[in-house]
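Residue numbers (my numbering), protein chains in the order written: chain C, 33 to 147; chain S, 130 to 242.
Encoded structure:
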């Protein structure tokens, strides 16, 4: 079965610091990859997605992620975080031909940005 | 443009009670799903549906039933609530199952005592 690992459970940064959140998945075939964000008290919203093509994808609010197939990774980055980026971030994978037609989510990374 | 609507927002049940969490979407999405969110465990798929009349089990289906009689609605039923079902439940939909982003509802916070 496919699995998604987010090794950073809680990250605390100061404003203007750079951010990188790790995401690794276990499936070796074709995948669609997503990052979702959940601001406090809100539902999940799509941050960015990768289907094919350029492995460096750009999302909303200055976030980007790089798909490295050889490392089964899809890490999320932002050069300079803001206090408003305080949220929980979830990586999700949809693996083709697994018989499971749904996204598998990682356990999430809680980002706290201090002013 | 309501998107995905979940009701109720909060619910407290006693062990053994049953209830239905409602989910409706107005985007004509084929795919709908239910997730539960627990601290440190992310979102886990309970059940999903790829179209009216078609449902399938997800990762944690035990204790829950679903049906999909219309494209718009996808209710989640708890047959006999247990404290282990205390969680936040999210309904989500997308245009297709494979590569369309999910649109989430605002969630239902359920407490079972």
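All C-beta atoms in this analysis are idealised placements derived from N, C-alpha and C, irrespective of residue type, glycine included.
Range of the contiguous beta strand (DSSP E) that encloses residue i
i: residue 167 of chain S; result: 160-167
i: residue 185 of chain S; result: 183-186
i: residue 67 of chain C; result: 63-70
i: residue 218 of chain S; result: 216-223
i: residue 38 of chain C; result: Careful: residue 38 of chain C lies outside any beta strand (DSSP E) and carries neither H nor E.
i: residue 92 of chain C; result: Premise fails: residue 92 of chain C is in no beta strand (DSSP E) and is neither H nor E.
i: residue 144 of chain S; result: Taken as a continuous stretch (DSSP letters only), residue 144 of chain S belongs to no beta strand (DSSP E), as it is neither H nor E.
i: residue 105 of chain C; result: 105-110
i: residue 123 of chain C; result: 119-127
i: residue 180 of chain S; result: 171-180
i: residue 113 of chain C; result: Counting along the chain, residue 113 of chain C falls outside any beta strand (DSSP E), and DSSP gives it neither H nor E.
i: residue 154 of chain S; result: 148-154
i: residue 47 of chain C; result: Unbroken run through residue 47 of chain C: none, as it is neither H nor E.
i: residue 141 of chain C; result: 141-146
i: residue 81 of chain C; result: 77-82
i: residue 136 of chain S; result: 133-136
i: residue 237 of chain S; result: 237-241
Rounded Cβ spacing between residue i and residue j (contact assumed at less than 8 Å)
i: residue 44 of chain C; j: residue 144 of chain C; result: 5 Å
i: residue 110 of chain C; j: residue 65 of chain C; result: 17 Å between Cβ atoms; not a contact.
i: residue 95 of chain C; j: residue 79 of chain C; result: 6 Å
i: residue 128 of chain S; j: residue 142 of chain S; result: The structure shown has nothing for residue 128 of chain S, since chain S only spans 130 to 242.
i: residue 177 of chain S; j: residue 185 of chain S; result: 6 Å
i: residue 171 of chain S; j: residue 91 of chain C; result: No, residue 171 of chain S and residue 91 of chain C are not in contact; Cβ-Cβ is about 19 Å, not under 8 Å.
i: residue 182 of chain S; j: residue 197 of chain S; result: 6 Å
i: residue 189 of chain S; j: residue 173 of chain S; result: 5 Å
i: residue 132 of chain S; j: residue 232 of chain S; result: 6 Å
i: residue 138 of chain C; j: residue 36 of chain C; result: 4 Å
i: residue 166 of chain S; j: residue 241 of chain S; result: Not a contact, Cβ separation roughly 15 Å.
Margin query: Output needed in chain order: residues of the region 161-192 of chain S with a Cβ under 7 Å from some Cβ in chain C.
Written below: 162, 169, 170, 171, 172, 174, 177, 179, 187
Checklist line | Short-range partners of chain S found in the region 78-95 of chain C, where Cβ spacing is below 9 Å | finding: 78, 81, 83
Check: Are the region 117-124 of chain C and the region 61-73 of chain C in contact at 8 Å, needing three or more beta carbon pairs?
Finding: yes
Notebook entry, point to check: Between the region 40-68 of chain C and chain S, which residues of the former have CB atoms less than 9 Å from a CB of the latter, in chain order?
Noted result: 41, 64, 66, 68
Next item on the list: Select from the region 94-116 of chain C all residues with a C-beta closer than 9 Å to any C-beta belonging to chain S, and list them in chain order.
Entry: none
Check: Does the count of Cβ pairs from the region 142-159 of chain S and the region 223-241 of chain S closer than 8 Å reach three?
Finding: Yes, the region 142-159 of chain S is in contact with the region 223-241 of chain S.
Notebook entry, point to check: Should the region 53-63 of chain C be called in touch with the region 97-104 of chain C, which here means at least 3 C-beta pairs below 8 Å?
Noted result: yes
Next item on the list: Determine contact between the region 234-241 of chain S and the region 205-223 of chain S, defined as no fewer than three beta-carbon pairs at a distance below 8 Å.
Entry: The region 234-241 of chain S, when compared against the region 205-223 of chain S, does touch it at the 8 Å Cβ threshold.
Next item on the list: Quick one: which unbroken beta strand (DSSP E) runs of 3-plus residues sit fully inside the region 185-211 of chain S? Chain order, please.
Entry: 193-195, 205-207
Next item on the list: Determine which residues of the region 133-165 of chain S have a Cβ less than 7 Å from any Cβ of chain C, and write them out in chain order.
Entry: 162
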